[in-house]
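Number of protein chains: 2
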Amino acid sequence: MKTRITELLGIKYPIVCGGMAWIGRAEMASAVSNAGGLGLVTALTQPSPEALLKEIERCRGMTDKPFGVNLTFTPRPNKVPYEAYAEAIAASGVKIVETAGNNPERFIPIFKKAGVTIIHKCTAVRHGVSAEKLGCDVISMDGWECAGSPGRDEVGNMVLIPCAADHIKVPLLASGGMGDGRSLAAALALGADGINMGTRFMATKEAPIPEAFKQALLDADERGSVHIMKSINRPRRVFRNKASLEILEIEKQPGAGYPEFGHLVSGERNRVGYENGDPQYAAFSSGPVLGLIKDIPSCKELLDRMVAEAQQIARTRMADALL
Amino acid sequence: MKTRITELLGIKYPIVCGGMAWIGRAEMASAVSNAGGLGLVTALTQPSPEALLKEIERCRGMTDKPFGVNLTFTPRPNKVPYEAYAEAIAASGVKIVETAGNNPERFIPIFKKAGVTIIHKCTAVRHGVSAEKLGCDVISMDGWECAGSPGRDEVGNMVLIPCAADHIKVPLLASGGMGDGRSLAAALALGADGINMGTRFMATKEAPIPEAFKQALLDADERGSVHIMKSINRPRRVFRNKASLEILEIEKQPGAGYPEFGHLVSGERNRVGYENGDPQYAAFSSGPVLGLIKDIPSCKELLDRMVAEAQQIARTRMADALL
Chain A
2 MKTRITELLG
12 IKYPIVCGGM
22 AWIGRAEMAS
32 AVSNAGGLGL
42 VTALTQPSPE
52 ALLKEIERCR
62 GMTDKPFGVN
72 LTFTPRPNKV
82 PYEAYAEAIA
92 ASGVKIVETA
102 GNNPERFIPI
112 FKKAGVTIIH
122 KCTAVRHGVS
132 AEKLGCDVIS
142 MDGWECAGSP
152 GRDEVGNMVL
162 IPCAADHIKV
172 PLLASGGMGD
182 GRSLAAALAL
192 GADGINMGTR
202 FMATKEAPIP
212 EAFKQALLDA
222 DERGSVHIMK
232 SINRPRRVFR
242 NKASLEILEI
252 EKQPGAGYPE
262 FGHLVSGERN
272 RVGYENGDPQ
282 YAAFSSGPVL
292 GLIKDIPSCK
302 ELLDRMVAEA
312 QQIARTRMAD
322 ALL
Chain B
2 MKTRITELLG
12 IKYPIVCGGM
22 AWIGRAEMAS
32 AVSNAGGLGL
42 VTALTQPSPE
52 ALLKEIERCR
62 GMTDKPFGVN
72 LTFTPRPNKV
82 PYEAYAEAIA
92 ASGVKIVETA
102 GNNPERFIPI
112 FKKAGVTIIH
122 KCTAVRHGVS
132 AEKLGCDVIS
142 MDGWECAGSP
152 GRDEVGNMVL
162 IPCAADHIKV
172 PLLASGGMGD
182 GRSLAAALAL
192 GADGINMGTR
202 FMATKEAPIP
212 EAFKQALLDA
222 DERGSVHIMK
232 SINRPRRVFR
242 NKASLEILEI
252 EKQPGAGYPE
262 FGHLVSGERN
272 RVGYENGDPQ
282 YAAFSSGPVL
292 GLIKDIPSCK
302 ELLDRMVAEA
312 QQIARTRMAD
322 ALL
């Protein structure tokens with residue numbers, strides 16, 4: 002395949018594995034990159050900038066293909082030394098970073114100075130336009146289908162991607178609801194130059210999560226995710242499980258806020274859930290793309306199949322209808 | 002163009018204009034059908050089955066192309082003689098009906114007996130599967146992007162359409178968020194055989210609504226619609242205006258229900274809003290596709306352009322990336 006994304010990032014397929022807390026380790030990132038996509042090591046999954054540097058080295062030992070690092074800056078209970086993480090990424094020699102969660106302005110000089118290509122992920126066209134003006138090289142638009150934080154505009158990718166394509170000149174990734182060759186073909190049709198995919202990569206052989214989680218993803222359908230934290234105006238899309246349904250019940254109670262349900266939301270609890278192999282234990286991010294997950298392939302099997310399916314769609318369905 | 006939809010319905014382009022209260026009159030329906038799509042006369046916009054028969058006759062005088070009738074059965078304050086409307090449609094000689102709003106089972110024998118092709122519009126894969134089993138000929142899947150009633154699953158079309166295509170064998174229409182050639186190309190890529198479009202048709206020369214409404218649609222962007230009535234578990238996506246924002250404020254008040262805001266919601270008020278030319282007056286249906294509306298073309302200009310754009314996408318963007 003050839004798009005502005007494959008050209009700019011030096012990868013075979015225009016498919017990026019978005020940053021995923023606790024999952025974006027060297028095993029996941031290298032598997033995606035070895036399969037022809039772009040894998041990302043998630044910076045904040047590592048306990049310190051020094052640990053991140055070691056994880057990047059470990060990933061480098063597992064692939065000779067390009068990979069990147071995700072740095073997500075969201076409000077967090079403990080003060081995170083974001084600048085130190087950014088400096089570590091710049092010093093590591095990694096040439097691609099994905100920023101997300103907030104305005105990336107203060108980190109841009111750090112990355113630019115080191116010649117790092119910046120993918121900024123955001124949930125609204127106006128934020129993408131701002132990030133482009135600030136010098137970001139790629140905009141990854143996260144539609145309302147996305148796992149994790151979808152923003153507050155609630156615009157799905159069917160509309161968000163063409164609107165973004167009308168306003169953004171740099172290469173564009175469609176993120177959210179991406180699961181197979183149909184997603185890839187549709188994203189290209191809507192004006193994107195590639196896709197960002199997360200939840201689907203959790204259900205691969207190489208994803209460093211317990212089999213019970215992969216089976217839970219496989220068993221769920223397109224209704225298998227719910228939005229929690231709408232009551233505090235910080236919506237987050239997570240797997241529909243015991244923990245998230247409990248949160249929704251707590252949120253119904255008048256006056257209930259983060260202190261009442263925060264202990265059930267991701268972070269440390271998420272890590273423990275993965276370690277215990279209990280997919281009901283914490284509210285972990287996932288999207289409606291669950292409806293498109295029907296097996297647990299290797300990353301290479303998944304990406305080869307997606308691209309072949311998208312090519313087949315272009316050759317048959319699209320050509321038969323349109324040409 | 003040629004898909005299972007164009008073949009089954011005998012139309013040039015696989016583009017259906019969904020049923021729209023107060024807008025789906027002979028002027029709108031005939032304009033869409035004359036442009037090569039499928040126009041629909043909205044049954045309940047007419048005050049009686051007899052008036053509907055006259056409106057169908059009027060439409061027949063305005064086009065020699067196929068058109069259909071929409072029959073939406075939702076909870077309504079006054080008892081509506083749905084059976085009488087269905088019998089009128091069957092007796093009218095119209096050969097295509099769009100049912101929506103609820104399980105169509107009780108009307109199917111009436112339509113089948115008269116040789117009417119049934120398009121059933123629904124918001125969930127399981128409802129589409131049921132409707133197919135009941136004998137419906139086409140399923141129109143309404144994603145969370147759609148104007149009006151999106152159901153409660155909140156699954157956008159990027160995921161809903163491929164999931165539906167995996168489970169439904171009859172021809173499939175993608176509905177919600179459809180506004181240009183990119184939407185059409187993406188819908189085909191995702192597995193649909195055509196699209197259903199509503200809001201976009203409101204901003205055409207022939208739409209029988211005041212210019213002030215068309216200008217309001219043109220001025221809005223992808224954030225120009227809001228969901229009201231979530232507080233009573235009957236979400237409805239409407240234009241973001243004075244009326245809908247007032248409803249949202251009322252819904253925030255503990256214990257406030259339909260009696261407190263119902264006077265601001267569509268129905269009679271909608272009709273008056275159209276008559277007065279005041280787009281702020283009532284909460285009328287529209288979708289985020291507002292972000293893709295940039296002019297007020299004729300229906301023929303719109304459809305010709307959409308199909309040309311989709312063809313261009315298949316020939317260039319898709320082919321360059323994939324083939």
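Keeping their order, the protein sequence lines are chains A and B. The numbering used here puts the first residue of the first sequence at 2, with every later residue one more than the last. The numbering used here puts the first residue of the second sequence at 2, with every later residue one more than the last. Just so you know, even glycine gets a beta-carbon here, dropped at the ideal spot from N, CA and C.
Count the other CB atoms within 10 Å of the CB of H128 of chain B; is the residue buried (16 or more) or exposed (fewer)? So H128 of chain B counts as buried.
Buried or exposed: N79 of chain B, going by 16 or more other Cβ atoms within 10 Å of its Cβ? Counting of Cβ neighbours within 10 angstroms places N79 of chain B among the exposed residues, the total staying below 16.
Do you know offhand how far A217 of chain A's Cα is from A166 of chain A's? The straight-line gap from Cα to Cα measures roughly 35 Å.
Which of helix, strand or coil does DSSP assign to M159 of chain A? In the structure shown, M159 of chain A sits in a helix (DSSP, three-state: H, G or I).
Please confirm whether T205 of chain B and V290 of chain B have their CB atoms less than 8 Å apart. Taking 8 Å as the cut-off, the Cβ atoms of T205 of chain B and V290 of chain B do not count as close.
What are the start and end residues of the beta strand (DSSP E) that includes I229 of chain A? DSSP places I229 of chain A inside the beta strand (DSSP E), whose first and last residues are S226 to I229.
Could you list which residues in chain A have their beta carbon closer than 7 Å to that of T4 of chain B, in chain order? Within 7 Å Cβ-Cβ: A322.
Does any residue of chain A bring its CB to less than 8 Å from the CB of V290 of chain B? Contact with chain A is found for V290 of chain B, since one of that chain's Cβ atoms lies less than 8 Å from the residue's Cβ.
Mind checking if S336 of chain A is an interface residue toward chain B, Cβ cutoff 8 Å exclusive? Absent from the structure is residue 336 of chain A, since the part of chain A shown begins at 2 and ends at 324.
Does the beta carbon of L189 of chain B sit closer than 8 Å to a beta carbon anywhere in chain A? By the rule that beta-carbons nearer than 8 Å mark a contact, L189 of chain B touches chain A.
In this structure, does DSSP put V126 of chain A in helix, strand or coil? DSSP, read as helix, strand or coil, puts V126 of chain A in helix.
Hey, out of B:S150, B:E84 and B:A257, whose CA is closest to S226 of chain B's CA? Distance from the Cα of S226 of chain B is smallest, within the candidate group B:S150, B:E84 and B:A257, for B:S150.
Relative to the ligand ZN, is the shortest distance from any of its heavy atoms to the C-beta of V33 of chain A smaller than 7 Å? Within the structure as shown, the ligand ZN is missing, as the structure has no ligands at all.
Quick check on the DSSP output: what are the complete beta strand (DSSP E) runs of length 3 or more inside the region 47-134 of chain A, in order along the chain? List check, beta strand (DSSP E) in window: 68-73, 97-101 and 118-123.
Buried/exposed call for H264 of chain A, threshold 16 Cβ in 10 Å: When all chains shown are included, H264 of chain A counts as exposed.
Compare the Cα-Cα distances from I340 of chain A to each of A:D296, A:H228, A:G20 and A:R306 and report the closest residue. Here chain A covers residues 2 to 324 and nothing more, so residue 340 of chain A does not appear.
Compute the distance between the beta-carbons of C164 of chain A and L293 of chain B, then report whether it is under 8 Å. In this structure, C164 of chain A places its C-beta atom within 8 Å of the C-beta atom of L293 of chain B.
At a Cβ threshold of 8 Å, is W145 of chain A touching chain B? When Cβ-Cβ separations below 8 Å define contact, W145 of chain A makes contact with chain B.
Count the other C-beta atoms from every protein chain shown that fall within 10 angstroms of the C-beta of G182 of chain A, then say buried if there are 16 or more, exposed otherwise. The Cβ neighbour count for G182 of chain A, taken over all protein chains shown within 10 Å, is at least 16; the residue is labelled buried.
Would you say K301 of chain B and N35 of chain B are within 8 Å of each other, going by their C-beta atoms? In contact: K301 of chain B and N35 of chain B (Cβ atoms closer than 8 Å).
Find the residues of chain A that neighbour A315 of chain B, judging by a C-beta separation of less than 9 Å, and give them in chain order. Within chain A, the C-beta atoms nearer than 9 Å to that of A315 of chain B come from A190, A315, M319, A320, A322, L323 and L324, in chain order.
Taking a cut of 8 Å between CB atoms, which residues from the region 217-234 of chain A lie near chain B? Against chain B - using a Cβ distance shorter than 8 Å - the residues of the region 217-234 of chain A are D222, E223, R224 and H228.
Do L174 of chain A and I196 of chain A have their C-beta atoms closer together than 8 Å? Yes.
Local Cβ density within 10 Å of D321 of chain A, reported as buried at 16 or more and exposed below that: A residue is called buried once 16 or more other Cβ atoms fall within 10 Å of its Cβ, and D321 of chain A, having fewer, is exposed.
Can you name the start and end residues of the alpha helix (DSSP H) that T7 of chain B belongs to? Residue range R5 to L10 is occupied by the alpha helix (DSSP H) that includes T7 of chain B.
Chain-ordered chain B contacts of M203 of chain A [CB-CB under 7 Å]: Within 7 Å Cβ-Cβ: nothing; M203 of chain A doesn't reach chain B, min ~16 Å.
Please compile the residues from chain A whose C-beta is within a distance smaller than 7 Å of the C-beta of L1 of chain B. What the structure shows of chain B is the stretch from 2 to 324, and residue 1 of chain B is not part of that stretch, so it cannot be assessed.
Since I believe G25 of chain A is in contact with L39 of chain A (beta carbons under 8 Å), could you give me their beta-carbon distance rounded to a whole number of angstroms? In fact, because the Cβ distance is near 12 Å, the residues do not count as touching under 8 Å.
Would you list the residues sitting across from V42 of chain B in a DSSP beta bridge? Paired residue(s): B:V70.
Out of A:R270, A:S287 and A:I251, state which residue places its alpha-carbon closest to the alpha-carbon of F202 of chain A. Per the Cα distances, A:S287.
Give the straight-line distance between the Cα atoms of A315 of chain B and L324 of chain B, rounded to the nearest whole angstrom. Those two C-alpha atoms are separated by around 10 Å.
Determine, for M198 of chain A, whether the minimum Cβ-Cβ distance to residues of chain B falls below 8 Å. Taking Cβ atoms only, chain B never reaches closer than 8 Å to M198 of chain A, which makes this a no.
I want to see whether chain A comes within less than 8 Å of P280 of chain B, judged by CB atoms only; does it? At a cut-off of 8 Å, the C-beta of P280 of chain B has no neighbouring C-beta in chain A.
Strictly below 7 Å CB to CB, what residues from chain A border C18 of chain B? Within chain A, not a single residue places a beta-carbon under 7 Å from that of C18 of chain B; the smallest gap is close to 18 Å.
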